[in-house]
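Asks: Residue numbers (the numbering used here): 5 to 294.
Even glycine gets a Cβ: it sits at the ideal position worked out from N, Cα and C.
Since we're looking at a predicted model, the values are computed, not measured.
Quick one: the structure is below, questions incoming.
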Ligand code: KIV
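Below you can see the structure in the form of structure tokens.
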């Protein structure tokens with residue numbers, strides 16, 4: 005007889021209604037683009053928590069645990085202060101909260117650029133400690149050797165070109181990329197370099213639409229756009245941006261809700277109830293049984 009007390013967690017918020025579905029794999033995402041074309045665009049959103057993942061999972065092909073969590077969750081000014089431990093904590097939560105979507109975790113600034121061996125160790129830790137299926141890193145040609153090293157050693161890599169927020173100090177801001185001929189050519193050659201190195205997909209962020217279209221047409225791997233073009237093979241947005249949690253968002257964000265207003269209104273009503281002693285009422289209090 006087991007002496008271990010089994011806690012019944014069936015009613016816990018952390019236990020989602022089971023909806024077993026097969027999880028999408030890296031090859032399934034990669035092969036979504038056939039002969040250079042994607043008929044059914046890939047849907048990706050960021051997720052940082054288990055509950056968020058539970059709600060987004062059924063709608064998404066991929067969930068990205070983006071290092072944007074530094075700004076969105078931690079209120080940091082840029083993504084540069086995000087650590088591997090932060091990514092692992094949130095990555096594990098998102099894997100626990102999802103069944104279907106492929107989960108990809110960002111490698112934070114400074115955790116992979118030093119050498120391909122450093123990148124391998126960071127990616128290994130992220131995959132082992134979160135259970136995610138792939139990592140994302142920023143950079144094109146300069147990261148090709150690292151991408152080849154990781155992908156040939158069992159680590160699927162999504163690349164990220166164009167506006168790469170970890171390079172904000174080099175780029176001088178978060179403006180769109182590709183306005184000069186040099187930048188235009190670099191975005192296309194970065195895309196080709198990461199594809200040749202073995203990336204299974206690439207995010208193209210904040211690039212002029214004609215460049216995003218050329219990139220999508222010229223690569224065999226899926227190009228996931230953000231501030232790019234509807235012609236890309238898929239789209240990604242920061243979930244809190246599209247839910248309207250922030251007043252200030254990049255121009256490329258479409259707000260599908262105004263959650264900031266919803267939350268503020270609810271908190272205001274709660275505060276009123278508390279101050280009027282109308283919460284908790286008899287529905288929310290325990291009375292002695294007769
Ligand atoms: O960190 C992030 O959320 C990202 C997406 C915006 C692509 O990299």
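(1) On a Cα-Cα basis, can you pick out the residue from 293, 240 and 108 that is closest to residue 1?
(2) For the beta strand (DSSP E) that residue 239 lies in, which residues bound it at each end?
(3) In angstroms with no decimal places, state the Cα-to-Cα distance between residue 90 and residue 291.
(4) Per the contact definition of three or more C-beta pairs closer than 8 Å, is the stretch 199 to 216 in contact with the stretch 27 to 45?
(5) Return the Cβ separation of residue 69 and residue 98 in integer angstroms, given the expectation that the two are a contact with Cβ distance under 8 Å.
(6) Below 7 Å CB to CB, which residues in the same chain sit around residue 66 once its five sequence neighbours on both sides are set aside?
(7) Have a look at 255, 144, 262 and 120 and flag the residue whose alpha-carbon is nearest the alpha-carbon of residue 249.
(8) Is the beta carbon of residue 167 sitting closer than 9 Å to the one on residue 211?
(9) Would you decide whether residue 169 is buried or exposed? Buried here means 16 or more other CB atoms lie within 10 Å of its CB.
(10) Going by Cα to Cα distance, which pick from 142, 120, 103 and 138 is closest to residue 112?
(11) Should the stretch 156 to 167 be regarded as contacting the stretch 129 to 140, the criterion being three or more beta carbon pairs within less than 8 Å?
(12) Which residue or residues does DSSP assign as beta-bridge partners of residue 207?
(13) Using only the heavy atoms of the ligand KIV, determine whether one of them is closer than 8 Å to the beta carbon of residue 71.
(14) Here's a check: name, in chain order, each residue in its chain whose Cβ is nearer than 6 Å to the Cβ of residue 115, leaving out the five neighbours to either side.
(15) Starting from the Cα of residue 43, find the closest Cα among 220, 177 and 152 and give me that residue.
(16) How many angstroms separate the CA atom of residue 16 from the CA atom of residue 182?
(17) Using the rule of at least 16 other Cβ atoms within 10 Å of the residue's Cβ for burial, across every protein chain shown, is residue 7 buried or exposed?
(18) CB of residue 50 to nearest heavy atom of the ligand KIV: below 8 Å?
(19) Let's see if you can read the secondary structure: which residues bound the alpha helix (DSSP H) around residue 93?
(20) In chain order, what are the residue ranges of uninterrupted alpha helix (DSSP H) at least 4 long that sit wholly in the stretch 246 to 285?
(21) Would you check whether the ligand KIV has a heavy atom nearer than 8 Å to the C-beta of residue 169?
(22) Using a Cβ-Cβ cutoff of less than 7 Å, which residues in the same chain neighbour residue 145 once the five nearest sequence positions on both sides are dropped?
(23) Taking 9 Å as the cut-off, decide whether the C-beta atoms of residue 199 and residue 225 are in contact.
(24) Tell me whether residue 102 is buried or exposed, calling it buried when 16 or more other Cβ atoms sit within 10 Å of its Cβ.
(25) Looking only at its chain, what residues have a beta carbon closer than 6 Å to the beta carbon of residue 259, apart from the 5 residues adjacent to it on each side?
(26) Taking the C-alpha atoms as reference points, what is the distance between residue 94 and residue 122?
Replies: In brief:
(1) A question about residue 1 goes unanswered here, because the residues of the chain that appear run from 5 up to 294.
(2) Here residue 239 is taken as the residue at index 235 of the chain shown, counted from 1. Where residue 239 is concerned, the enclosing beta strand (DSSP E) stretches over 238 to 241.
(3) Here residue 90 refers to the residue found at position 86 of the chain shown. Here residue 291 refers to the residue found at position 287 of the chain shown. Cα to Cα, the separation comes out at about 43 Å.
(4) In this structure the stretch 27 to 45 lies against the stretch 199 to 216, because at least three pairs of beta carbons, one per stretch, are closer than 8 Å.
(5) Position 65 of the chain shown, counted from the first residue, corresponds to residue 69. Position 94 of the chain shown, counted from the first residue, corresponds to residue 98. Confirmed, Cβ separation roughly 5 Å.
(6) In the chain shown, counting from the first residue as 1, residue 66 sits at position 62. Result list for residue 66: 33, 46, 48, 105, 106 and 108, in chain order.
(7) As a first step, residue 249 is located in the chain shown; it is residue number 245 there, counting from the start. Measuring from the Cα of residue 249, the nearest candidate turns out to be 262.
(8) Translated into positions along the chain shown, residue 167 becomes position 163. Translated into positions along the chain shown, residue 211 becomes position 207. Going by C-beta atoms, residue 167 is nearer than 9 Å to residue 211.
(9) For the purposes of this step, residue 169 is identified with residue 165 of the chain shown, where counting begins at 1. Burial check for residue 169: the Cβ neighbour count within 10 Å reaches 16 or more, so the residue is buried.
(10) Locating residue 112 in the chain shown gives position 108, where the first residue counts as 1. Considering only alpha carbons, the answer is 142.
(11) Segment contact: the stretch 156 to 167 against the stretch 129 to 140, three or more CB-CB distances shorter than 8 Å; contact assigned.
(12) As a first step, residue 207 must be located in the chain shown, where it is residue number 203. Answer is 164 and 228, bridged to residue 207.
(13) Position 67 of the chain shown, counted from the start, is the residue given in the question as residue 71. At least one heavy atom of the ligand KIV lies less than 8 Å from the C-beta of residue 71.
(14) Your numbering for residue 115 matches position 111 in the chain shown. So the list reads 88 and 126, once near-sequence residues are dropped.
(15) Translated into the one-based positions of the chain shown, residue 43 becomes position 39. Minimum Cα distance to residue 43 is reached at 220.
(16) What you label residue 16 is simply residue 12 of the chain shown in a count that begins at 1. What you label residue 182 is simply residue 178 of the chain shown in a count that begins at 1. Per the coordinates, the alpha-carbon of residue 16 lies some 49 Å from the alpha-carbon of residue 182.
(17) Numbered from its first residue, the chain shown carries residue 7 at position 3. Reliability of the predicted coordinates at residue 7 is poor, the pLDDT of 47 falling under 50, and the value obtained from them is presented with this limitation in mind. Residue 7 is exposed by the Cβ-count criterion.
(18) Counting from one through the chain shown, the residue named residue 50 turns up at place 46. A distance criterion of 8 Å places the beta-carbon of residue 50 in contact range of the ligand KIV, judged by its closest non-hydrogen atom.
(19) Taking the chain shown and counting its residues from 1, one reaches residue 93 at position 89. For residue 93, the enclosing alpha helix (DSSP H) begins and ends at 88 to 100.
(20) Fully enclosed alpha helix (DSSP H) runs of 4 or longer: 263 to 279.
(21) The count along the chain shown starts at 1 and reaches residue 169 at position 165. Yes - the ligand KIV has a heavy atom lying nearer than 8 Å to the Cβ of residue 169.
(22) Here residue 145 is taken as the residue at index 141 of the chain shown, counted from 1. Short of 7 Å from the beta carbon of residue 145, and not among the five residues preceding or following it, lie these beta carbons of its own chain, in chain order: 193, 194 and 197.
(23) Locating residue 199 in the chain shown gives position 195, where the first residue counts as 1. Locating residue 225 in the chain shown gives position 221, where the first residue counts as 1. Yes; because the gap between Cβ atoms is below 9 Å, this pair is in contact.
(24) The count along the chain shown starts at 1 and reaches residue 102 at position 98. Taking all protein chains shown into account, residue 102 has 16 or more neighbouring C-beta atoms within 10 Å of its C-beta and is therefore buried.
(25) Taking the chain shown and counting its residues from 1, the one referred to as residue 259 is at position 255. Once the five neighbours on either side are set aside, the close Cβ partners of residue 259 are 248.
(26) Indexing the chain shown from 1 puts residue 94 at position 90. Indexing the chain shown from 1 puts residue 122 at position 118. Straight-line Cα distance between these residues: approximately 21 Å.
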